[in-house]
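In the working numbering, the protein residues as written are 3 to 109.
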C-alpha cells in the first residue's frame, strides 16, 4: 500500500471508515477512565468490570455522534469529542448536559 497517512485518524478512516474511528475513540476514552479507576484501586484492571465498559463505550459513541452533529463539528474533531464524552461516561455526560441546559433556560 503506497498511501501515506498524516495521522492515526486518517489511517483508521481509510481502513474502516468513520465508524471504526468512532468506535476506537470511544473505546480509548473508556479505557482511560478504567485505567484511572484501576490505578486508584477501585477495581481490578483485568476484572469482570471491564466487560461492562464495551456497551458503555458503544452508547457513548452514539451520544457523541449526536452531539457532534448538533454542534456541526467535523472530523476528526468528532472523534475527539466522542473520546472525551466516553471518558466522562453516562453520569459525567448527564451532569455536563444538566449544567448546559440550566444555563440555556436561565439566560
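All C-beta atoms in this analysis are idealised placements derived from N, C-alpha and C, irrespective of residue type, glycine included.
query: Nearest to residue 48 (by Cα), restricted to the options 83, 36, 71; result: 36
query: Backbone secondary structure at residue 103 - three-state DSSP; result: helix
query: Through-space distance from residue 52 to residue 62, alpha-carbon basis; result: 16 Å
query: Contact belief for residue 56 with residue 92 at Cβ below 8 Å, rounded distance in angstroms; result: Not really, about 14 Å apart at Cβ, beyond 8 Å.
query: CB-CB length for residue 68 against residue 84, believed under 8 Å; result: Contact flag wrong, Cβ pair sits at about 10 Å.
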